Every structure is written in C-alpha cells, then in structure tokens.
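Single-structure report; data block below.
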Amino acid sequence: MEINLGWVALANYVLLLLIGMIILFIFLRRLALYPFLAWFERRKTYYLHSVEKILARSLENDEYVKKITRVKNLMDKSALEEVLIEALAAVADKNKRRILIRIYEETGIAGWRIGQMKSFNVWKRRMAADLLGKSQSLRAETPLFLALRDKDEDVRLIAAKGLGKLKAKGAIDSVVDLFKDFPPEKCLIVANILIDFGEEAVPALSETLKTPNLKTCYWSLRALSEIDLVPDGSKYRDLEEKLEKLLPEHGARIRAYSAICLAKIASWDMVGKIASLLEDHSPVVRAEACRALGILGNPEAIDRLMKCLNDNNWIVNYAASRALITFGGRIKRKLQENLKSSQDMIYKRSRELLEELEIHARV
Amino acid sequence: MQGSSWHYFLDAFILLYFVGLNGIYSFLTFLAFFEVRRQCRRSFIDDYAYLYSSKLTPGATLLVPAYNEEVTIIEAVRSHLQTKYPKLEVIVINDGSKDGTFEILKKEFELIKVYRVMHAGIKTKEIKGYYISLTHPRLVVIDKVNGGKADALNVGINASKHPYFISIDADVILEEDAVLRIMKPFAENPDRYMAAGGIVRVANGCIEERGEIKEVKLSQKPLVAFQVMEYLRTFTAGRAGFSRLNSLLIVSGAFAVFNVEEARRIGGYAPNSVGEDMELLVKFHRSLRHGKRKYNILYCAYPVCWTEVPESLEILGRQRNRWQRGLCEVLSRHKRMLFNFRYGRIGLFAMPFYFLFEFMGPIIELLGYLYLILLIIFGFVNLPFIFLFLVLAVLWGILLSVSAVLFEDLNFKWYTQWQYIAKLLLFAILENFGYRQMTAVWRIQGSIDYFRGKKSWGAMTRKGFQPAKT
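First to last, the sequence lines map onto chains A and B.
Everything in the first sequence is counted per my numbering, starting at 1 for the first residue and increasing by one.
Everything in the second sequence is counted per my numbering, starting at 364 for the first residue and increasing by one.
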C-alpha cells in the first residue's frame, strides 16, 4: 500500500508540536499563576488576621475597620471577600456576623458584586449571585429578587438560594413560581429553599395545590411534607381541605405526598382517609400511607399497619414496620401474637420489631 | 509499502485499525474535556451544604465486601463512617475471611448480633449473622459463607434499606464529601439516573491519617507512576468521554452507585464473576433499554476515592489478567448486544468498541509486531516508513496521555508540586517503551486464561496506607 512518507512525517511533526505545546502550556501556566496565587494567599492571610482581630475585640469603630481592612484593588476585594464568606459560614454569633456583613458592605465588595449582577457575562452574574447570597448582606436582597427574572436558569436558581439564606419572606411567592419552568434537578433545590423558609412558605405552597400544573403541585407537596408544621387549632384548615381533595388524585406521587402532609397537620380523625390509601394499587402510595400513619400516631392505625407487614411489595412491608416502631411498646403484645402467624413475612417482621424494641429499651 | 496483494490487505487493515483506535480515543478525549470542564464548573457553583442538610436527599447504603482485609479494614471502615452524607448506612460484608477481619471488626465496633429481615430477591450463599454496632449506628456487619465478591455484594443489595447502594472496595479511602458529590445527580433527578461511577485515584505514596488522605504525593516507584498515568487517562479522559455519550459500560467497582430496585430486578451481580462491576452495568443497560426507559449512567469527575495499586509486577500482572478475563466474560455473556440496533449507542458503539479495541487490541498489537518482524525477515519492508509509522503510533499515545495530565492540572490540581507533574509527563512518554507492551501481554494471557476456563481472582497482597509522621 503506497502512502506518501511526507504525510506520515507531517503527522509526526504535528503530534510533536501538539505534545510540546501542551507540556509548555502546563508549565507556563503554573509559572504564571504561581506568583498570583502566592500573592493572593498572602493577602488572604493578612485579611484573615485582620478580621480575627476585629472579631476578637468585637470592634465596630469605623476608622479602625477601614484602616485594618484596607482594600486597594479588585484582587484585594476578592481575597477579603473569600475570607469574609468563609468566616460567615463558620461563625454563629449574631454580633460577629453583623460585623462581618458590615465589613463586606463598607469595603465596597457588596457594591462591586451588585454591579456584576448586570453583567452580560452569565458566569459573572452566577458568581455574583452566589457570593451575594452567601454574604447575607441585606443590600443583596433587591438585586437577588430582580435576578429571579434573569434569562439564565442558573442565575435564577442561585438568586433563589441567596434569598433563602437571607430569609427574604417577600420573595417566597416568586421562588415558588420557579417550579413551573425548572427541570426536576432544579426543582429539588427550590423545594429545599422553601423548606428552609419553614412555616412562612406554607401559604404560598398551599396556593399552588389548586394549580392544574402537576409538576408544581408535586414539588409543593414535597416541600410541604418536610416543613416542620405545628398544627394549632384551625391554622391549617384550608390546607387540610386542599390536601383531602388531592388524596384521590390520579398522580400516585401526589396522592402519596398529600397523605404525608395531611398526617402532619390533621387530627386523628383523618386516620380512616389515610388508611384507605393502604389499598392503593401503587406500592409507592401504600408505602407513603404507612409512613403517614406512623407520623399521625393514631393507635387505631396499628391493626391496618400490621396487615401491611404481609404486603407483597418489599418497600411497603418495610415502610409498615418503620411506621409501627414509632408506636413503641404499645405494639409489643400484638407482635408477640404475630409470632404464631403462619404468614412468613408477618412472622419475620414481627420478630425483627420485637428485637428492635428490646434493644432500644436496653440501650 | 512493497509486496504482493495479501500484505496490501494486511497493511490496510493495520492502518485502518490504528487510525480507528486512536481516532476514537482522541474523540473520547475531546468529549471528555468538555464533560469534565462542565462538571467542575458546576461543582464550583453547586452547594453541597444544601444536599447535606436537605431532608429530601435520598438515602444510600455503602456496601463494603471484605475478604482477608485485616490490615486495612479498620482504617477503611472508619473513613467510610466519617463520610459526610445525611442518610447513610455502611454495610460491611465479611465474605468468609480466613484471617481476623471479622474478629477485628467485632472488637473495634462493639458488634452485637441481631435478627433482621432482608430482601430475598437475589439468591446468595448462607448468611451466618447480621450485626449492628452499639457505638456506630450507621454500621452494619454481615458475616457470611465465602462466595466471592459478587455474592457478597448481592447480600449487601438484599440488606440495603435505602434506594441506592454504593459499592466500594474494602481498601479504598473516600474523600469526606465524595458520597455527597456522587449522589447529587440522584438526589436531583432520581427518575433519570440509574448508576454512576466516581474517579479512582492512586493512594500509593500519599500520606494517610485516620482514614483520610492528608497529603497527595506521587510514589517514587516507577510501576506505580505508570499506573497513575494510566488511571488518569482511563478515568479522566476515557470514561468521561463515554459518559458524555451516555455509553458508559464500566464504572469502577471501587466506587460506584446503583439503583437498588433495578439491581434487584435484574438479579444483582453475576455470581462467580470476575468482571462483576462491568457485568452489572451492562445488565442495567440491557434491562433499561428493553424497557424503553429514558435513563443516564454517569461518570462523576469530582468525587474521589483513593485506592492502593499493585507495586510488584507479579500482582499487577494478576490484576490485569483478571480484568481482561472479566471483559471477555462480559462480552461473551452479552454478545447479542454487539452491533444490535435495539441497544442504540451501547450496541452500536460501546460494545463494539470494547470488543474491537479492548479485547482484540492487545492481540492485534502483538500480531502487528510479529508481522513487522516477518516483513523485515522477508524484505517486504520500507524501513523509513516503518520507522515513521512507529513514531507516529508512539506520539499519538503520548499525546493522549499528556492530554490527561493537562486535564488533571486544569481541573483538579491534586498534584500541587511541579515535580510530580514533570514526573507524570515523563512517564507519559516512557510508558510506550515497555509498560504498554507488558500490559498487552498480560491481557492476552487473560484472554487465553478465560478461554481455558480460569475463574480465580488471585491473591492481592495489601501493604496498607502510609501513615502521617508524628
């Protein structure tokens, strides 16, 4: 087979050149970055000591703060910003956090990042939104709120996270709206943000339960199912009614999570309606109904849960056993009776539960 | 080249094979660059603190099969228990160890025997006992009759109470947030992701302290440095490229996540299998494609697990022999998927790739050398051409290896000292002069052993990690 030697030689030259360029790039990059990185680390160390001094004395004197954290240029701002963000994540004391946020604002870093929120570069906007959220500066609230309408999905998401960290109650409705357009992976993060808002997010989430948009409804239910709801008289009457209407819904997961939410806020009277889901054709619904009955805590559910120990589906009989364990010693007698059962799974699960109760009592 | 028509055909075949092999590797490396960059940029913005504190994060079970691991088991289990993840269960399956593995675990973690109901979907060897720890609520130890790694993992799958399991080797060390990072796609989109593999790094030469890698160093031993180079190329470049095409056929058994329900449905790992990690993943692909489900199997560039690689030629040879036998086994069991339209990219690209280049590659390489010798003996050779062609082959291989070092330096920077990078680049060049040929011989031996019916794993002697100086 005739192949021109010249082509092979050329290919060799090209490969050699590429290899040489890559190797050179690796070393030159390290050489170029090294002084910058070393300088950056030195400035960080300086700012770290300065900030530690300020926090140790809890000083708020303007002049002292400005003097000790002199910021000359953008590199300085980046270094100081990194120190402040790390300190804010580590420090729990409210006064110290206030001082750190003040330094963040007074040294112009907040203003710089707020300016970047209008940048054409999407990565700059993302970074700015992320850092403003972590800074917990109240000045960040408005630009982050505006960023909820940014054309980039990630900017909107990061802005929502920031508003969550700031506990900006006014943004809850806009954050819930994000469920409409976001893909599932981002909806999870939005749900987490709303969970962090706690009971304040309940009215907005409750409103979405009427929506025909199943995705929004589902994610709202998921968020609601994890919020620590404290039922207090008729506080959640409206939500209870909406959840009851969702129980016979054709979406299995919607039925499942409605049961969980209902169990958290409803009175023991709901046991019948939730227990009816134990006959559902979907194992997910049956399993979550078991979990809901465990959360509800009504002892009337014990017999129904005992029957579920024999469910053919593993996740259901497992969920039933986890729900039963929440009843503690009250189920001991029934479990001992179950040891005589001819049904294999009932016997096994009962034996397992009895041993678990014994170990809990011992430990 | 000169000569008759028979060696025109052979010349054309060799040339096409060479261009095909290197072309596809280059293409995968090109794809890998974007995939790794995308994942690393995302990990910069992603907030793992959310995942850690979130009540919506799904649970995961770490399955640690252990056979004669008394040297490293305590360090490894301590490291796994420190893993930062909200709902985590660690199940150590003692697969009939003949040394003191189980006794050491029992004493160290104050284990007590309990009765537990396990899923009976996958048939396994007899279980002697199920133990929980009084001091570490996350830990479960299952003692069983020896049945091999696949059987031990199947016991773990049956015992798992969470929707996902993570298979790890007993001798690996996980980074503190490795599980958070690898579980993130499953937390965000459980319907889409069915399995994922994480990057495996070489721990030889690194300083370890209390189940954590404190300082990353490159081993002084050339054999280890060659393997580091190989791992960088395979993981960072190769698997990331396959992942981008959703055609990943191998996730390292040292650190991989699988959906429990799907694993139970397909019968778990094949018993007595030596390539159990690849076999399971191919079964996943097969089952999910049969069911016409939309899914992804992902390679995660960032989560890290550290493992000990062989430091002697003998043990390395045994390992590579086993890997090749595993590959042969999988290709043989799932040969219907080869060139089968029904399996999409898996059947038309991934499986043929592994057959033509990973299985046939060493054979064709060796035959190529023999062919060259014959050509020289019979005088049918154009020496300048042969020389240039061989140089081309070596340079192309070096380019792929050097690209992997570039990925490492751009995205991860584990090797902070420039001396380590220089050493890696040197070994990227040197591996073409002896090391690659040696692995080709081992792999051919592996293929022969497979067809002879050899099933054993071979002993892998552990040294243990290098402790921090006090």
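Glycine is no exception: its CB is placed at the ideal position from the N, C-alpha and C atoms.
Note that the coordinates shown come from a computational prediction; the quantities given were computed from them, not determined experimentally.
Local Cβ density within 10 Å of GLN365 (chain B), reported as buried at 16 or more and exposed below that: Interpretation of GLN365 (chain B) is limited by its pLDDT of 47, a score under 50 that renders its predicted location unreliable; no figure is taken from the coordinates.
Other residues of its chain near ASP181 (chain A): CB distance less than 8 Å, five sequence neighbours each side excluded: GLU153
Beta-carbon contacts of ASP150 (chain A) that lie in its chain and below 6 Å, excluding the five residues immediately before and after: Same-chain partners within the cutoff: ARG156.
Cα-Cα separation, LEU711 (chain B) to ILE387 (chain B): 14 Å
Cross-chain neighbours of LYS348 (chain A) in chain B, by beta carbon under 8 Å: Residues of chain B passing the Cβ test: VAL480.
Simplified DSSP assignment, three categories, for ALA9 (chain A): Helix at ALA9 (chain A).
Where ALA9 (chain A) meets chain B, residues with beta-carbon distance less than 7 Å: LEU751
As assigned by DSSP and simplified to three states, the class of PRO449 (chain B): coil
Under 8 Å between C-beta atoms of ALA266 (chain A) and GLU240 (chain A): yes
Boundaries of the beta strand (DSSP E) in which TRP268 (chain A) is found, first to last residue: Where TRP268 (chain A) is concerned, there is no enclosing beta strand (DSSP E), given that its DSSP letter is neither H nor E.
Straight-line Cα distance separating HIS443 (chain B) from ILE359 (chain A): 25 Å
Three-way DSSP call (helix, strand, coil) for THR670 (chain B) in this model: strand
Selection from B:LEU419, B:HIS653, B:GLU721 and B:ALA713 that minimises the alpha carbon distance to ARG705 (chain B): B:HIS653
Bridge partners - LEU425 (chain B), DSSP secondary structure assignment: B:VAL453 and B:ILE529
Cα-Cα separation between GLN583 (chain B) and TYR662 (chain B), rounded to whole angstroms: 29 Å
Opening and closing residue of the beta strand (DSSP E) in which GLY492 (chain B) lies: 490 to 496
Alpha-carbon to alpha-carbon, PRO143 (chain A) and LYS118 (chain A): If I take the Cα positions, the gap works out to 9 Å.
Exposed unless 16 or more other CB atoms sit within 10 angstroms - verdict on MET641 (chain B): buried
Residues of its chain near ALA541 (chain B), where Cβ-Cβ distance is below 8 Å and the 5 sequence neighbours each way are ignored: Apart from the 5 residues on each side of it in sequence, ALA541 (chain B) sits with its Cβ closer than 8 Å to the Cβ of THR446, GLY561, PHE618, PRO666, VAL667 and CYS668 in its chain, given in chain order.
Stretch pair the segment 123 to 139 of chain A + the segment 158 to 167 of chain A: three plus CB contacts closer than 8 Å: Judged by Cβ distances under 8 Å, the segment 123 to 139 of chain A makes contact with the segment 158 to 167 of chain A, as three or more pairs qualify.
The segment 787 to 797 of chain B / the segment 749 to 765 of chain B touching (three or more Cβ pairs under 8 Å): yes
Where ILE505 (chain B) sits in the DSSP three-state scheme: Note: ILE505 (chain B) maps to strand in three-state DSSP.
Inter-residue Cα distance where the pair is LEU468 (chain B) and ILE437 (chain B): 7 Å
Cutoff 7 Å; reference VAL382 (chain B); Cβ partners in own chain excluding five residues on either side: Hits under 7 Å: none found.
Under 7 Å by beta carbon: chain B residues contacting ILE274 (chain A): Residues of chain B passing the Cβ test: none, with the nearest at roughly 20 Å.
Proximity of GLY170 (chain A) and LEU214 (chain A) at Cβ, strictly below 8 Å: no
Cutoff 6 Å; reference PHE372 (chain B); Cβ partners in own chain excluding five residues on either side: none
Under 8 Å between C-beta atoms of ALA275 (chain A) and GLY294 (chain A): no
Three-state secondary structure assigned by DSSP to GLY560 (chain B): strand
For ALA619 (chain B), the three-state DSSP class (helix, strand or coil): strand
Chain B contacts made by the segment 16 to 37 of chain A, where a contact means CB separation under 8 Å: LEU16, LEU18, ILE19, ILE22, ILE23, PHE25, ILE26, PHE27, ARG29 and ARG30
Proximity of LYS273 (chain A) and LEU247 (chain A) at Cβ, strictly below 8 Å: Taking 8 Å as the Cβ cut-off, LYS273 (chain A) and LEU247 (chain A) qualify as a contacting pair.
Neighbour list for ASN366 (chain A) in chain B, Cβ cutoff strictly below 7 Å: Since the displayed chain A opens at 1 and closes at 363, residue 366 (chain A) lies outside it and no answer follows.
Helix, strand or coil at ALA393 (chain A) [DSSP, three-state]: Since the first residue of chain A shown is 1 and the last is 363, residue 393 (chain A) is not available in this structure.
Under 8 Å between C-beta atoms of TYR632 (chain B) and LEU644 (chain B): no
Run of the alpha helix (DSSP H) containing LYS655 (chain B), from where it starts to where it stops: From DSSP, LYS655 (chain B) is part of no alpha helix (DSSP H); its letter is neither H nor E.
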